[in-house]
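Q:
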Amino acid sequence: CFNMLLLAATTERECWQGTKRLLAELGELGYRASAKKAQLCQMGVVYLRYTLQDGKRWLTEARKRTVTQIPTPATPRQVREFLGTAGFCRLWIPGFATLAAPLYPLTKESGEFRWTSEHQKAFENIKEALLTAPALALPDLTKPFILYVDERAGVARGVLTQALGPWERLVAYLSKKLDPVASGWPTRLKAVATVALLVKDADKLTLGQQITVVAPHSLKSIICQPPDRWMTNAWMTHYQSLLLTERVVFASPAILNPACKVIYVTSRGQVFQTGTQTEAVS
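Structural data, given as structure tokens:
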């Protein structure tokens, strides 16, 4: 069944015409639309508990409260529920996988459940990150994407953006934990695994559009080389098939701050980051 339908148009007239056709089609199929819940021909709407307006999307206050009002977990199941609920908002949270890392061991049913100050800090940091979540640009599938990547402590971190004039608009924060095998590889090979993991994750938003990868290392030459003792042929073939395509472009390596591994991306003068430090960008 249909739950929530979103109809977009470039003009108010087109929106009204499209709405009438949509309602007529739904009626012929035997469906009813709720007049109480309808948001007709508006410049901004709330859809799936996100606010959509001016080409951007925000977390609604209701969605934020759903997470921030969760009490301190007392069981593994409650930890899983918290991570699952907060995970729906992970695109808005820089380095979500890093913030949540201390909590994942507590999701297992086996063993004693011990909630420490480290877990409480991670729990509160995730909530705080939600309260300060920025607006994200809606992906424009007519334009290419830019993916800034970095890896620290076995976590792949990325910032997905799109150009808007001289600026870059933030589309999403991405973060994933590398698997145990890749986490033990040398730095350059970990960088390859990081890019592959985040490019695949970004596909959910880019839908196969061209993406330019900015990483701390020159990766294309590494991917083209035969695998060494650290990596099997199967792994290298997988990375080559994913990354050596026309839609993936490797930019010149970006020298990131080695002390804090911060990625800076500006959007109308705003600073976005995956680390903990900021600096002014003109």
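Each residue of the sequence shown is one higher than the last, beginning at 1 in UniProt numbering. Glycine included, every Cβ here is placed at the ideal spot set by N, Cα and C. Being a predicted model, the structure only gives us computed values, none of them experimental.
Measuring alpha carbon to alpha carbon, tell me which of E12, K36 and A24 ends up nearest G44.
A: Cα-wise, what sits closest to G44 is E12.
Q: Out of R57, Q42, K108 and T10, which one is the CA nearest neighbour of V79?
A: Taking only the C-alpha atoms, the option nearest V79 is K108.
Q: Determine contact between the region 99-106 and the region 116-135, defined as no fewer than three beta-carbon pairs at a distance below 8 Å.
A: Flag = yes, the region 99-106 and the region 116-135 touch.
Q: With burial defined as no fewer than 16 other Cβ atoms inside 10 Å of the residue's Cβ, what is the status of Y31: buried or exposed?
A: Classification for Y31: exposed.
Q: Looking only at its own chain, which residues have a Cβ that is under 6 Å from the Cβ of V249, when we skip the five neighbours before and after it?
A: Same-chain partners within the cutoff: T212.
Q: Run through the DSSP bridge pairs and tell me what residue 300 is partnered with.
A: Here the chain comprises residues numbered 1 to 282, so residue 300 is not present and cannot be evaluated.
Q: Is the separation between the beta-carbon of L59 and that of W16 shorter than 8 Å?
A: No.
Q: Going by the DSSP bridge assignment, what does K177 pair with across the sheet?
A: In DSSP, K177 forms a bridge with V155.
Q: Please report the distance separating the alpha-carbon of E168 from that of E28.
A: C-alpha separation (whole angstroms): 44 Å.
Q: Classify C224 as buried or exposed, calling it buried when 16 or more other Cβ atoms lie within 10 Å of its own Cβ.
A: So C224 counts as exposed.
Q: Would you list the residues sitting across from W167 in a DSSP beta bridge?
A: Its beta-bridge partners are L164.
Q: What did DSSP end up calling K261 once you bin it into helix, strand or coil?
A: Any reading at K261 must be qualified, since the residue scores a pLDDT of 35, below 50, and its modelled position is unreliable; no value is offered.
Q: Decide if T194 is buried, meaning its Cβ has at least 16 other Cβ atoms within 10 Å, or exposed.
A: With 16 or more Cβ atoms within 10 Å of its Cβ, T194 is classed as buried.
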